[in-house]
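Following this note's numbering, the numbering of the sequence shown begins with 2 at its first residue and continues without gaps. What follows is a single structure, written as C-alpha cells, with notes after it.
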Amino acid sequence: MESNDQARAIAANLARVRETIAAAAIRAGRDPTAVKLIAVSKTHPVSMLETAIAVGQTVFGENTAQEALPKIDALRDRGLEWHFIGHLQSNKAKFVPGNFRWLHSLASHKLAARLSQAAQTHRSRLQTLIEVNITRDPKKHGVSPEEVFALVEQIAAAELAGISVRGLMAIGPYPADEHQTRTAFAALRELRDACQSRFGLADFTELSMGMSNDFVPAILEGATMVRVGSAIFGDRVYTR
Ligand SMILES: *Cc1c(COP(=O)(O)O)cnc(C)c1O
C-alpha cells in the first residue's frame with residue numbers, strides 16, 4: 002500500500018474502533034473513558050506506530066521483549082504507555098520493569114518475584130494482571146480459574162516491592178458465538194469480583210479482555226482494557 006493511504010487507513014481504523022468502544026460502553030451503561038484502548042502493534046514497524054501517535058494514540062501493546070525494546074527506544078520521550086501482553090519466561094523478567102508500565106501475563110509466583118526484583122533495580126513500579134486460561138484451552142497460557150485465588154494469596158503474602166497486582170486478563174474463546182464469548186468474559190469478571198471481596202483488594206479493578214474480533218462483547222461484560230491489533234493496523238505480517 003502507498004504509505005499515505007496506509008496512514009489514512011490507520012487513522013480511519015482508529016477512529017472507528019474508538020467510536021465502537023464508546024458505543025458499546027454506552028450500551029452497557031458504562032463511562033466510555035473507563036475502557037482503555039491498547040493498540041497492539043506487534044509485527045508492525047515504528048512508522049505505523051507514529052501514524053497512530055499522530056492521531057492521539059498513546060497506549061501500545063507488544064508481545065515479545067525482543068521486538069518491543071527497539072520500538073520503545075525509538076519512541077522514548079513521547080509520553081507513551083507500553084503494555085507487555087505476551088507470555089513471559091521468568092528469565093526475561095528483567096526486560097519488563099522500566100520499559101513497560103503494565104504486564105498482562107502474570108501466571109506464577111516465580112515470575113512475580115523476578116519482576117519485583119527487576120522493578121526494584123530499575124526503581125520503577127510495574128502494574129500486573131494475572132492471565133487466566135478462562136477457556137481451559139491446553140494450547141493457551143495462564144492459570145486455570147481454580148488456581149487464581151491461590152496465586153493472588155501467595156503473591157499478596159510475599160509483599161513483593163515494586164509490583165502491584167491489579168486484576169485479570171484472558172483471551173476469549175475462538176471460534177465462538179456471541180453467547181459463548183460473553184459467558185467466558187462474564188466468568189472472568191466474576192472471578193475478579195470474587196478476588197476483590199475475598200482478599201479486600203480495593204485496587205484489584207482491571208479486566209483486560211477483548212481483541213479485534215470480540216472487544217464489543219468484552220466491553221458489555223465489563224472490560225476495562227481492550228487489546229486491539231488487526232482492526233487498527235491491518236493484518237500482521239510475520240517474517241519470523
Ligand atoms: C495479538 C494479540 C492481541 C491483538 O489481536 P488482534 O486480533 O489483532 O486484535 C490481543 N491480545 C494478545 C494477547 C495478543 O497476542
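Quick reminder that beta carbons are idealized off the backbone N, C-alpha and C, glycines included.
Partner residues in the beta bridge of residue 209, as assigned by DSSP, are 170 and 226. As computed with DSSP, residue 128 is found in a beta bridge with 103 and 165. A straight line joining the alpha-carbon of residue 159 with that of residue 189 spans about 24 Å. Remark: the shortest separation between the CB of residue 171 and any heavy atom of ligand 1 does not fall under 7 Å. Spanning the alpha carbons of residue 114 and residue 166 requires a straight line of approximately 12 Å. Residue 100 and residue 70 do touch by the CB rule: their CB atoms are close to 6 Å apart, below 8 Å. Secondary structure at residue 140: coil, using DSSP grouped into helix, strand and coil. Counting of Cβ neighbours within 10 angstroms places residue 85 among the buried residues, the total reaching 16 or more. The C-alpha of residue 29 lies about 32 Å from the C-alpha of residue 154. Taking a C-beta distance under 8 Å as the contact criterion, residue 227 and residue 234 do not qualify as a contact pair. Within the model, the alpha-carbon separation for residue 105 versus residue 134 is close to 12 Å. Annotation for residue 82: the continuous beta strand (DSSP E) segment containing it runs 82 to 85. Using a 10 angstroms sphere on the CB of residue 27, the tally of other CB atoms stays under 16, which defines it as exposed. At a threshold of 7 Å, residue 168 does not count as near ligand 1, since its beta carbon sits no closer than that to any of the ligand's heavy atoms. Residue 61 places its beta carbon less than 8 Å from that of residue 40. Distances from the alpha-carbon of residue 22 to those of 12, 14 and 33 put 33 closest. Proximity of the beta carbon of residue 41 to ligand 1 is indicated: a heavy atom of the ligand is located closer than 7 Å.
Taking every protein chain shown into account, the CB of residue 5 has fewer than 16 other CB atoms within 10 angstroms, so this residue is exposed. DSSP places residue 38 outside any alpha helix (DSSP H); the residue lies instead in the beta strand (DSSP E), whose first and last residues are 37 to 41. With fewer than 16 other Cβ atoms inside 10 Å of its own Cβ, residue 180 counts as exposed.
Under the 10 Å beta carbon count, residue 72 is surrounded by 16 or more other beta carbons and is classified as buried. Note on residue 80: under 16 other CB atoms within 10 angstroms of its CB, so exposed under the neighbour-count rule.
Scanning its chain for C-beta atoms nearer than 8 Å, with the 5 sequence neighbours on each side dropped, one finds around residue 35 the residues 26 and 225, in chain order.
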